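Written below as structure tokens is the structure these notes are about.
Numbering (the working numbering), first residue to last: 718 to 1677.
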């Protein structure tokens, strides 16, 4: 193979579970010896294990010219690969339209297609062609080519597990025959989010304990994985001439089939694999002794692994010439089916770039089914320095294998870039960082290719780069913020929480900032001013170094006032804000529209469903207005039920409860104020982690805006959905009875959620005194829906339950103390209280309603319910359980964010007691809530057995 025939890898993009979406994150996973799986209990014949890509369903359709309807009929595999292909071209500076780009794709059979056939036959009947085009692999490469305007070959490759490496081989051939100037190789394997594990059977390929152990003596099978990856290839000569970043160089590749040289169709063949590797070595003109690492197929099966090792040992067998390290990334990410080969290729490119083989995960001892004694192959659970004992200028060469059921084998030889273009220049051709920008830029960006990366490289020539830059561009910060909010954050001074950010998103945001910059911002520092501008200032202070103060300017001032003083100040603010409020003399038409906030929340959706069922016209105040109609409908469909015949009854108006005039212009505000008869304020930032200052705008100040709106033009009734968290203070003793009425002592500032909601109550209390008819409705934990069995993913009790299921254990104290854990209602019952039993009367005044059942579920009751639902968690010492929970992903099980602090708390041994609520003044409400309380093990078991309840389910959202 001549130098000019070699192929450069100039772009690598991927997506894996646990938020891994960069090659740096992928390398860190492998180098630290971690995997991407969340594991539940292993029962006889069943392994509870998940590795879902939490945002695989997110897709920006409009920039690609795809309608929302078409996007909704397109497999997430197709959507994600389209996005990754676009990113791969963009970050590689591939903006010239004169170059011809090919697309070579692979994807797993569509579980999305299966879901439609099984559960939406009506959709299938109406959209056969569109569904086939959006879910079948035949259309994947051509879809990418069409949407991105790529005119080279567009081929879909299907050879089973070896598909993506075979696709790479085809791409190399197309480049070397000048069918294209660049080639995208794209592969994905993403399974239905409903999959929470697999059945184990004797003689099957899946691991009996949920761990993949390639080439280990205790290997017992593979584990299914999820992931998507795209690489961009270019002829090496062109890449060097164009100044492209080169990650690794493809020296040669080969593909063949076993034919009949094996025991059966699905059986592997030593001869077939051996021939493939030898052909690749010959094509690449590489001596086997030059190869220092082989990324094997390595699935962790007892039959396949030893056969592959024998084939590799024969191909690379040069006893005395030094051993080849072998490994398999499947221990870290599972078997990603058709995408497995591409992930192996990316891993190998990173191995060559770092000059290090990461530890082979799950390796206790090498398999005794292979003879390792001649040293041809070696494997270890420790890092290996590939340059140790080698000439510094000698090239590093590695092989990558991928094997498909049916016998199609592929092998690729890669070389590092140092020996080709020099160590110093190789460093500058590898991006220091990838800068994310908000939204989407045109496919032909108005900048020179890779300009920002070149500038960084030039600045550090000759220097040792010890860490990522400590500050990042404003656009990058805004994009990071927007990835964790309900609505895009477009200005540096916009509040993270006002745009739908929550505690789960914040924890992940801070982790990403730390990963990009090396600066670890504390939650407290972020909460002082939750804006991108504040974060930028903190990063700039960190960049200034230790010789300058890293404290924010305001931190030198006096700390917050005592809670008692702050309470008085806060209540004075309520009085001052509403002082002089003029309440309209004319009452609104009682049959007029209802203004509803929080319609996309769990409770809000149930309230909307009840109002529509009653024939009421509803105006939903949402950021995005009518653009959010689809989101509202999907929320109804997935929770409370959706009747398309009622769609005409509701409209969506673009607004923001945290802004003056509810975010409306003067004309829209006045028009709405004239028409609306009843306001139901359900929206809130539900966050049990952060202090008051981070929640005040959305939860408290918005109440003033709602009262002002209700008093404008025509006098409107108001229902405010509050919470029992307003009583989370020592003034209300555990177990005491609480009567309906205003909160007399506010929760402390540290309890941001309870305090922000309690202060909001005082706005509606004052509104009643000024002549409005208001209801403050306090609700407990909100579980699922009695009919649909949909669950409320943001409810705290669900998070605790998921933590128990994810670990397979529960705190032993649950048995000892019998803590009273919660009082809970189904969402549809809460909605009925809102729209019927506790609706405003129209008479001036504020009515406080505690819609809280006195039937309490204890910790023992929860464990009994889990057992009744078929789960079998085991007790652990409390501290040990909390430490285990701390290792879970806080975006998916938010109690993991608290577990570190809980693990250090003293063991009191005193049972928790919840408040009791007097409901004598509201007999109808009392009868409804006590009759439908979720409390007994049998009641709770019906929800705990719901298929939606899985440890990996992401808990997102900022509304009740």
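Glycine residues also receive a C-beta, built at the ideal position from the N, C-alpha and C atoms. Quick caveat, the model's predicted, so the values are computed rather than measured.
Given that a residue counts as buried once 16 or more other Cβ atoms are within 10 Å of its Cβ, and exposed if not, what is residue 845? Here residue 845 refers to the residue found at position 128 of the chain shown. Classification for residue 845: exposed.
Give me the Cα-Cα distance between residue 1158 and residue 848, rounded to the nearest whole angstrom. Residue numbering aside, residue 1158 sits at position 441 when the chain shown is read from its first letter. Residue numbering aside, residue 848 sits at position 131 when the chain shown is read from its first letter. Any reading at residue 1158 is ruled out, since the residue's pLDDT is 36, under 50, leaving its predicted position unreliable.
Would you list, in sequence order, the uninterrupted alpha helix (DSSP H) runs of no fewer than 4 residues that lie entirely inside the region 1347-1432? If one requires a minimum length of 4 residues, the alpha helix (DSSP H) runs lying completely within the region 1347-1432 are 1383-1392 and 1419-1428, in chain order.
Classify residue 1558 as buried or exposed, calling it buried when 16 or more other Cβ atoms lie within 10 Å of its own Cβ. What you label residue 1558 is simply residue 841 of the chain shown in a count that begins at 1. With fewer than 16 other CB atoms across the displayed protein chains lying within 10 angstroms of its CB, residue 1558 is exposed.
Which partner residues does residue 1044 have in the DSSP bridge list? Working through the chain shown from its first residue, we reach residue 1044 at position 327. When DSSP reads this structure, residue 1044 sits in a beta bridge with 1012.
As assigned by DSSP and simplified to three states, the class of residue 952: Position 235 of the chain shown, counting from 1, holds the residue named residue 952. Here residue 952 sits in strand by DSSP.
Between residue 928 and residue 1286, what straight-line distance do the alpha-carbon atoms span, to the nearest angstrom? Looking up residue 928 in the chain shown gives position 211. Looking up residue 1286 in the chain shown gives position 569. Going from the Cα of residue 928 to the Cα of residue 1286 covers about 57 Å.
Taking the alpha helix (DSSP H) that residue 1642 belongs to, which residues open and close that run? Within the chain shown, residue 1642 is the residue found at index 925, counting from 1. Per DSSP, residue 1642 belongs to the alpha helix (DSSP H) from 1640-1648.
Would residue 1071 pass as a contact of residue 1016 if the rule is Cβ separation under 7 Å? Indexing the chain shown from 1 puts residue 1071 at position 354. Indexing the chain shown from 1 puts residue 1016 at position 299. Not closer than 7 Å, so no.
Cβ contact check for the region 1484-1496 and the region 1545-1563: 3 or more pairs under 8 Å: With a cut-off of 8 Å, the region 1545-1563 and the region 1484-1496 count as touching, because enough Cβ pairs lie within range.
Helix, strand or coil at residue 823 [DSSP, three-state]: Taking the chain shown and counting its residues from 1, one reaches residue 823 at position 106. In this structure, residue 823 counts as strand in the three-state DSSP scheme.
Does the Cβ-Cβ distance between residue 971 and residue 1128 come in under 7 Å? On the chain shown, position 254 is the one that residue 971 refers to. On the chain shown, position 411 is the one that residue 1128 refers to. Closer than 7 Å, so yes.
What number of angstroms, rounded off, separates the C-alpha of residue 1032 from the C-alpha of residue 920? Working through the chain shown from its first residue, we reach residue 1032 at position 315. Working through the chain shown from its first residue, we reach residue 920 at position 203. For residue 1032 and residue 920, the distance between alpha carbons rounds to 29 Å.
Unbroken alpha helix (DSSP H) run spanning residue 741, endpoints: Counting from one through the chain shown, the residue named residue 741 turns up at place 24. Element bounds for residue 741: 740-748.
Measure the CB-CB distance between residue 854 and residue 824 and report whether it falls below 7 Å. Locating residue 854 in the chain shown gives position 137, where the first residue counts as 1. Locating residue 824 in the chain shown gives position 107, where the first residue counts as 1. In this structure, residue 854 places its C-beta atom within 7 Å of the C-beta atom of residue 824.
Identify the continuous beta strand (DSSP E) that holds residue 1601 and give its terminal residues. Against the chain shown, residue 1601 aligns to sequence position 884. Looking at the DSSP string, residue 1601 is not in any beta strand (DSSP E); the run it does join, the alpha helix (DSSP H), is 1595-1602.
Could you please give the first and the last residue of the uninterrupted alpha helix (DSSP H) stretch that includes residue 1528? Residue mapping note: residue 1528 aligns to position 811 of the chain shown, counting from 1. Judged by DSSP secondary structure, residue 1528 falls outside any alpha helix (DSSP H) and instead within the beta strand (DSSP E) spanning 1526-1528.
Proximity of residue 1133 and residue 1113 at Cβ, strictly below 7 Å: Your numbering for residue 1133 matches position 416 in the chain shown. Your numbering for residue 1113 matches position 396 in the chain shown. Result yes, Cβ atoms of residue 1133 and residue 1113 sit closer than 7 Å.
Just to confirm, is the Cβ distance from residue 1064 to residue 1043 under 7 Å? The residue given as residue 1064 occupies position 347 in the chain shown. The residue given as residue 1043 occupies position 326 in the chain shown. For residue 1064 and residue 1043, no; Cβs fall outside 7 Å.
Which of helix, strand or coil DSSP assigns to residue 1470: In the chain shown, the residue the question calls residue 1470 occupies position 753. Note: residue 1470 maps to helix in three-state DSSP.
To which residues does DSSP link residue 1539 through a beta bridge? Position 822 of the chain shown, counted from the start, is the residue given in the question as residue 1539. Looking at the DSSP assignment, residue 1539 forms a beta bridge with 1574.
Which of the three DSSP states is assigned to residue 880 in this structure? Along the chain shown, read from residue 1 onward, the residue named residue 880 stands at position 163. Residue 880 falls in the helix class under three-state DSSP.
Endpoints, alpha helix (DSSP H) assigned at residue 847: For the purposes of this step, residue 847 is identified with residue 130 of the chain shown, where counting begins at 1. Run containing residue 847: 845-852, per the alpha helix (DSSP H) assignment.
Integer-rounded CB distance, given that residue 1312 should sit under 8 Å from residue 1389: Counting from 1 along the chain shown, the entry for residue 1389 is found at position 672. Counting from 1 along the chain shown, the entry for residue 1312 is found at position 595. About 7 Å separates the Cβ atoms of residue 1389 and residue 1312, confirming a contact at the 8 Å cut-off.
Nonlocal neighbours in the same chain, by C-beta distance under 6 Å from residue 888, ignoring five residues either side: Taking the chain shown and counting its residues from 1, the one referred to as residue 888 is at position 171. Non-local C-beta neighbours of residue 888 in its own chain, meaning closer than 6 Å and more than five positions away in sequence, comprise 821, 900, 902 and 950, ordered along the chain.
With three or more C-beta pairs closer than 8 Å as the rule, is the region 874-889 touching the region 787-795? Taking 8 Å as the limit for Cβ pairs, the verdict is that the region 874-889 does not touch the region 787-795.
Please list the terminal residues of the continuous alpha helix (DSSP H) segment that includes residue 758. On the chain shown, residue 758 is found 41 positions in, with the first residue counted as 1. Element bounds for residue 758: not the alpha helix (DSSP H) but the beta strand (DSSP E), 755-760.
Report all residues from its chain with a CB closer than 8 Å to the CB of residue 1623; omit the five preceding and five following residues, and keep chain order. Position 906 of the chain shown, counted from the first residue, corresponds to residue 1623. Per-residue confidence for residue 1623 stands at a pLDDT of 46, beneath the threshold of 50, marking its modelled position as unreliable; no derived number is given.
Minimum C-alpha distance to residue 1538 - residue among 1524, 1513, 1307 and 1358: As a first step, residue 1538 is located in the chain shown; it is residue number 821 there, counting from the start. Relative to residue 1538, the option among 1524, 1513, 1307 and 1358 whose CA is nearest is 1513.
Residue range of the beta strand (DSSP E) that includes residue 1125: Counting from one through the chain shown, the residue named residue 1125 turns up at place 408. Counting along the chain, the beta strand (DSSP E) containing residue 1125 begins and ends at 1125-1132.
Could you check how far apart the C-beta atoms of residue 727 and residue 961 are, in whole angstroms? I think they sit under 8 Å. Your numbering for residue 727 matches position 10 in the chain shown. Your numbering for residue 961 matches position 244 in the chain shown. Indeed they touch by this definition, with Cβ atoms about 4 Å apart.
Endpoints, beta strand (DSSP E) assigned at residue 982: By 1-based counting over the chain shown, the position of residue 982 is 265. Neither: residue 982 is in no beta strand (DSSP E) and is coded neither H nor E.
To the nearest angstrom, how far is the alpha carbon of residue 829 from that of residue 1059? In the chain shown, counting from the first residue as 1, residue 829 sits at position 112. In the chain shown, counting from the first residue as 1, residue 1059 sits at position 342. Straight-line measurement puts the Cα of residue 1059 at about 22 Å from the Cα of residue 829.
Excluding the 5 residues preceding and the 5 following residue 987 in the sequence, name in chain order all residues of the same chain whose CB lies nearer than 6 Å to its CB. Locating residue 987 in the chain shown gives position 270, counting from the first residue. Close CB contacts of residue 987 within its chain, under the 6 Å cut and outside five residues either way in sequence, are with 1024, 1027 and 1028 (chain order).
Determine the burial state of residue 1384: buried for a count of at least 16 other Cβ atoms within 10 Å of its Cβ, exposed for fewer. The sequence position of residue 1384 within the chain shown is 667, counting from 1. Exposed, by the Cβ-count rule.
Got a sec? Which residues, its chain only, sit under 8 Å from residue 1477 by beta carbon, not counting five neighbours each side? For this step, residue 1477 is matched to residue 760 along the chain shown. Counting only residues of its own chain and dropping the five nearest sequence neighbours on each side, residue 1477 has a CB closer than 8 Å to the CB of 1416, 1417, 1419, 1420, 1437 and 1439.
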